[in-house]
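K.L.:
Residues 3 to 359, numbered by the numbering used here, are exactly what the sequence shown covers, in order. Every residue gets a Cβ at the ideal spot worked out from N, C-alpha and C, and that includes glycine. For clarity, every value in this text was computed on a predicted model and none was experimentally measured.
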Amino acid sequence: MKKIFILFGAILFTITGCGEYKLEDAIKDFSKSVENSKSYKINGTMEISSGEEIFTYSLDTYYLKDDYYKVILVNQTNNHEQIILKNTDGLYVVTPSLNKSFKFDSVWPENSSQAYILQNLVNDIKNDTSVTLESKDNEYIIKSKVNYPNNEELSYQKIYFDKSMNLKKVEVYNTNDIVKIKVNFKTIDLKAKLSKDDFMLDDLIDETKMDENLSNESCLDETCKEENSNCEEEKCEETTSSLDSIIYPLYIPSETHLSSQETIETEAGQRVILTFGGDKNFVIVEEKAVASNDFEVVPVFGDPLMLNETVGAISSNSISWHVDNISYYLVSSDLTTNEMVEVAKSLGNSTTVISTK
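Shown next as structure tokens:
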């Protein structure tokens, strides 16, 4: 009987105790795996929830020790591609469709949470004194607070691992416990053997030119000629730089209204200026986005901002971004940062579009 009792106790220990992580050990193992990586590659998807809409991106993250980052984001709805690149020369957001790169003076990604960068996940966990670990049948879940200075509604995240502490996904929740950002990791290579040559802006410029040439070579039918302004002048008509419609924000702070609207002609085409007055004054400028003939590096102030459909730039009193062939600029000395973001995110709703024709 004694032997049976000892055997039963051993089996029970194996089922309930062996292999189960404690919070401290889980954090230690995850942190160590990230900190020991000299370079890594991540492939996955990111979903951003806004109201009833979900915006899905394909996601590739590259990291090299000593602060090299490259994040390739492709909007799965309109195939709009942008690349966030950080190297010793600075921080860039490359937008191939415009043949432009926007250069930031920023400490990104250290200044905010980023669900697709492993170092940021580790920092969020270590900076939260109330971090928790939940163990389920097939996974561990670490819950921690997040830091999104430009989006105060984002409150905490759940980081999912399998039973071997392999990272599987991250869910970022708002204060109402609704998932607003979800990153699913398909592959993570912590021994990627990347080099500094993988983080050069010139290489991205060359890739953009190559894609442009391929697009030109395939521009044979009339439909393509109308849609692609990069074709040779004698084969394709230039695209118009006039706005087909004016986009109005769905979100406007209380006691604030549209006070004036003006359309002016510039050398580049039409520009619409919407002025809002009341308790919270702000101005929105809209114009047709025009690609540069030669690759252009444009200095901008502030930090990269992930909006629903694109990566823009945010400063203390302005946001600029490009989506659906329209460039937007929002400026205000009255709106808070989060109010500016809400106004920007609300632009483009189909119920707020009025034709200019």
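From the DSSP output, in three-state form, read off M342 for me.
P.N.:
Against the sequence shown, residue 342 aligns to sequence position 340. Of the three classes helix, strand and coil, the one that applies to M342 here is helix, per DSSP.
K.L.:
Take I328 and list the residues in its own chain whose beta-carbon comes closer than 8 Å to its own, dropping the five residues that flank it on each side.
P.N.:
Walking along the sequence shown from the start, residue 328 turns up at place 326. So the qualifying residues of the chain are L245, I249, E288, E289, K290, A291.
K.L.:
On the DSSP bridge list, what partners appear for N186?
P.N.:
Against the sequence shown, residue 186 aligns to sequence position 184. According to DSSP, which records beta bridges pairwise, N186 is partnered with T47, K171.
K.L.:
Looking only at C-alpha atoms, which of L260, N176, E264 sits nearest to G279?
P.N.:
One-based indexing of the sequence shown puts residue 279 at position 277. For the residues L260, N176, E264, the minimum Cα distance to G279 belongs to L260.
K.L.:
I74 to Y253, Cα distance in whole Å?
P.N.:
Against the sequence shown, residue 74 aligns to sequence position 72. Against the sequence shown, residue 253 aligns to sequence position 251. Taking the straight line from one Cα to the other gives about 30 Å.
K.L.:
Pairs of beta-carbons, one from the segment 293-303 and one from the segment 90-109, closer than 8 Å: are there three or more?
P.N.:
Yes, the segment 293-303 is in contact with the segment 90-109.
K.L.:
So the candidates are L87, D62, T58, N152; which of them puts its Cα closest to the Cα of D69?
P.N.:
Looking up residue 69 in the sequence shown gives position 67. Of L87, D62, T58, N152, the residue nearest in Cα terms is L87.
K.L.:
Take the Cβ of D139 as the centre, count every other Cβ of all protein chains shown within 10 Å, and call the residue buried at 16 or more, exposed below.
P.N.:
Indexing the sequence shown from 1 puts residue 139 at position 137. Exposed is the call here.
K.L.:
Tell me the DSSP secondary structure of K237 in three-state form.
P.N.:
One-based indexing of the sequence shown puts residue 237 at position 235. With a pLDDT of only 40 at K237, under 50, the local geometry of the prediction cannot be trusted, and the value read off the model is given with reservation. Three-state DSSP puts K237 in coil, outside helix and strand.
K.L.:
Just to confirm my understanding: we take E229, look at its own chain, exclude 5 residues before and 5 after, and list those with CB closer than 6 Å. What are they?
P.N.:
Here residue 229 is taken as the residue at index 227 of the sequence shown, counted from 1. Summary for E229: the model assigns pLDDT 46, below 50, so the residue's position carries little reliability, and this model does not support an answer.
K.L.:
Pick from E344, D179, A28, E267: whose alpha carbon is nearest that of S256?
P.N.:
As a first step, residue 256 is located in the sequence shown; it is residue number 254 there, counting from the start. If we check each option's Cα against that of S256, E344 comes out closest.
K.L.:
Let me know if G46 comes out buried or exposed under the rule of 16 or more other beta-carbons within 10 Å of its beta-carbon.
P.N.:
Along the sequence shown, read from residue 1 onward, the residue named residue 46 stands at position 44. Classification of G46: buried, given that the 10 Å Cβ count is 16 or more.
K.L.:
Quickly, what does DSSP pair Y250 with across the bridge? List them, please.
P.N.:
For the purposes of this step, residue 250 is taken as the residue at position 248 of the sequence shown. Looking at the DSSP assignment, Y250 forms no beta bridge with any residue, so it has no partner.
K.L.:
Label D326 either buried or exposed according to how many other C-beta atoms from any shown protein chain fall within 10 Å of its C-beta, with 16 as the threshold for buried.
P.N.:
Taking the first residue of the sequence shown as 1, we reach residue 326 at position 324. The residue in question, D326, is exposed, as its Cβ has fewer than 16 Cβ neighbours within 10 Å.
K.L.:
What would DSSP say about S137, mapped onto helix, strand or coil?
P.N.:
Residue mapping note: residue 137 aligns to position 135 of the sequence shown, counting from 1. Here S137 sits in strand by DSSP.
K.L.:
So, is N129 buried or exposed, given that buried needs 16 or more other C-beta atoms within 10 angstroms?
P.N.:
For the purposes of this step, residue 129 is taken as the residue at position 127 of the sequence shown. So N129 ends up on the exposed side.
K.L.:
Helix, strand or coil for P98, going by three-state DSSP, please let me know.
P.N.:
For the purposes of this step, residue 98 is taken as residue 96 along the sequence shown, with counting starting at 1. Looking at P98 - three-state DSSP - the assignment turns out to be helix.
K.L.:
Out of V124, H324, S348, which one is the CA nearest neighbour of V172?
P.N.:
As a working note, residue 172 is residue 170 in the sequence shown. Among V124, H324, S348, the Cα nearest to that of V172 belongs to V124.
K.L.:
Are the CB atoms of Y71 and L196 within a distance shorter than 8 Å?
P.N.:
Sequence index remark: in the sequence shown, residue 196 carries index 194 (1-based). Sequence index remark: in the sequence shown, residue 71 carries index 69 (1-based). Contact flag unset, no.
K.L.:
Roughly how many whole angstroms lie between the Cα atoms of L66 and S115?
P.N.:
Translated into the one-based positions of the sequence shown, residue 66 becomes position 64. Translated into the one-based positions of the sequence shown, residue 115 becomes position 113. Their backbone Cα atoms lie some 19 Å apart in a straight line.
K.L.:
Whole angstroms is fine: what's the gap from S35's alpha carbon to K165's?
P.N.:
For the purposes of this step, residue 35 is identified with residue 33 of the sequence shown, where counting begins at 1. For the purposes of this step, residue 165 is identified with residue 163 of the sequence shown, where counting begins at 1. One C-alpha to the other measures close to 15 Å.
K.L.:
Leaving out the 5 sequence neighbours to the left and right, which residues in its chain are closer than 7 Å to S41 when beta-carbon positions are compared?
P.N.:
As a first step, residue 41 is located in the sequence shown; it is residue number 39 there, counting from the start. Here the set comprises Y65, L66, K67, A194, K195, L196.
K.L.:
Taking only three categories from DSSP, how would you classify N230?
P.N.:
As a first step, residue 230 must be located in the sequence shown, where it is residue number 228. Per-residue confidence for N230 stands at a pLDDT of 47, beneath the threshold of 50, marking its modelled position as unreliable; no derived number is given.
K.L.:
Identify whether N77 lies in helix, strand or coil by the three-state DSSP scheme.
P.N.:
Looking up residue 77 in the sequence shown gives position 75. Note: N77 maps to strand in three-state DSSP.
K.L.:
Is the Cβ-Cβ distance between V148 and V109 less than 8 Å?
P.N.:
Counting from one through the sequence shown, the residue named residue 148 turns up at place 146. Counting from one through the sequence shown, the residue named residue 109 turns up at place 107. No. Outside cutoff.
K.L.:
Less than 8 Å between the CB atoms is what I'm expecting for Y150 and Y23, so what's the real figure, rounded?
P.N.:
In the sequence shown, residue 150 corresponds to position 148, counting from 1. In the sequence shown, residue 23 corresponds to position 21, counting from 1. Contact flag wrong, Cβ pair sits at about 28 Å.
K.L.:
Does N295 come out as helix, strand or coil in the three-state DSSP assignment?
P.N.:
As a first step, residue 295 must be located in the sequence shown, where it is residue number 293. Looking at N295 - three-state DSSP - the assignment turns out to be coil, as it is neither helix nor strand.
K.L.:
For D27 and V300, what's the separation of their Cα atoms in angstroms?
P.N.:
Mapped onto the sequence shown, residue 27 falls at position 25. Mapped onto the sequence shown, residue 300 falls at position 298. The straight-line gap from Cα to Cα measures roughly 46 Å.
K.L.:
Under the rule that 16 or more other beta-carbon atoms within 10 Å means buried, what is D107, buried or exposed?
P.N.:
Within the sequence shown, numbered from 1, the residue matching residue 107 stands at position 105. Burial call: exposed.
K.L.:
Going by beta carbon distance, what residues of the same chain come within less than 7 Å of K4, once the five residues before and after it are set aside?
P.N.:
Start at 1 with the first residue of the sequence shown, and residue 4 comes out as number 2. With a pLDDT of only 48 at K4, under 50, the local geometry of the prediction cannot be trusted, and the value read off the model is given with reservation. Once the five neighbours on either side are set aside, K4 has no close Cβ partner at all.
K.L.:
Using three-state DSSP, classify D200 as helix, strand or coil.
P.N.:
By 1-based counting over the sequence shown, the position of residue 200 is 198. Helix at D200.
K.L.:
Compute the Euclidean distance between the alpha carbons of E49 and V181, then round it to the nearest angstrom.
P.N.:
To locate residue 49, count along the sequence shown from 1; it is residue 47. To locate residue 181, count along the sequence shown from 1; it is residue 179. Between E49 and V181, the C-alpha separation is close to 10 Å.
K.L.:
From N319 to Y94, what distance separates their C-alpha atoms?
P.N.:
Translated into positions along the sequence shown, residue 319 becomes position 317. Translated into positions along the sequence shown, residue 94 becomes position 92. The alpha-carbon atoms of N319 and Y94 are separated by roughly 20 Å.
K.L.:
State the Cα-Cα distance for the pair N340 and L203, rounded to the nearest angstrom.
P.N.:
In the sequence shown, residue 340 corresponds to position 338, counting from 1. In the sequence shown, residue 203 corresponds to position 201, counting from 1. Rounded to the nearest angstrom, the two C-alpha atoms are 31 Å apart.
K.L.:
How would you write the range of the beta strand (DSSP E) that N327 sits in, first residue to last?
P.N.:
Here residue 327 is taken as the residue at index 325 of the sequence shown, counted from 1. Premise fails: N327 is in no beta strand (DSSP E) and is neither H nor E.
K.L.:
Could you tell me the alpha carbon to alpha carbon distance between P251 and K198, rounded to whole angstroms?
P.N.:
Looking up residue 251 in the sequence shown gives position 249. Looking up residue 198 in the sequence shown gives position 196. Rounded to whole angstroms, P251 to K198 spans 42 Å at the Cα level.
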